[in-house]
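This report concerns only the one structure given below.
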Amino acid sequence: MVKEEIHLTELWPETLHALEHEGALLVTAGRDGKPNAMTIGWGAIGRIWGRSIFLVLVRPSRYTYALIEDADDFTVNVLPRGREENAKLCGTRSGREMDKLAACGLTPVAARVVRSPILEECIIHYECRIVMKNDVISDALAPEVRKTCYPRGDFHRIYYGEVVAAYADANARERATGPDRTQDAPDQSEY
Ligand SMILES: Cc1cc2nc3c(=O)[nH]c(=O)nc-3n(C[C@H](O)[C@H](O)[C@H](O)COP(=O)(O)O)c2cc1C
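Below, the structure written as structure tokens:
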């Protein structure tokens, strides 16, 4: 399938829907070049520093955290409808203990600009170069958010990725998980 360049927000409704439901896949490669995928449910895109930015949040307890701390970049990949189980596996198992991409039948292929690969079977891709990172500050958080999302003090690190390439399968809109899905949004406090 040919993947065509898209405007930053062209498929944002589909991307946001994935984030709100099954999740999207954050891919980073370790120093050895071996990629790992982790499901993310939180993320944002917008304009900062005159650049297009995709912001992702990763808790220090994730294997992905160790990888992304050593990396200059990451990719965000949206799965097509029918592959929700892949998001479940990548969101409940760790790359420390298994090769999740192999288990899901997801193929890492070279990205266009960054070193971290994209996943061939996904339908929407954002390639991001890390331009800033900072931690969620406990004292600066609304108490109700701290209580719900950080009972164990595992505060996320926020990575600001400049979107250096964005592209999608031509039929991505039709193949994306849609608002017709009946599954309710899951409890997100553990993300
Ligand atoms: C739907 C869903 C969304 C998630 N979103 C996030 C997230 O945004 N940030 C995060 O740190 N963990 C999130 N998680 C948890 C990680 O995906 C999970 O801990 C995963 O096993 C980490 O994999 P790793 O150890 O290979 O990095 C989410 C899990 C699910 C199921």
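When you number the sequence shown by the numbering used here, it's gap-free, plus one each residue, and the end is 173. Glycine included, each C-beta is placed from N, C-alpha and C at the ideal position. Quick caveat: nothing in here was measured; it's all calculated off a predicted structure.
Not one heavy atom of ligand 1 falls within 7 Å of the beta-carbon of T159.
Relative to the non-hydrogen atoms of ligand 1, the Cβ of M114 never comes closer than 7 Å to any of them. A distance below 7 Å between beta-carbons, with the five flanking residues on each side excluded, links E(-14) to the following residues of its chain, in chain order: Y149, A150, A152.
Assignment of V118 by DSSP, reduced to helix, strand and coil, places it in the coil class. Under a 10 Å Cβ-count criterion, H(-11) is classified as exposed, with fewer than 16 other Cβ atoms of the shown protein chains found around its own Cβ. Annotated as distal: T(-3) and V96, with beta-carbon spacing of 8 Å or more. Between the alpha carbons of P62 and E4 lies a distance of about 11 Å. Counting along the chain, R157 sits inside the alpha helix (DSSP H) bounded by residues 154 to 157. Inter-segment contact for the region 48 to 60 and the region 8 to 15 is present: three or more beta-carbon pairs are separated by less than 8 Å.
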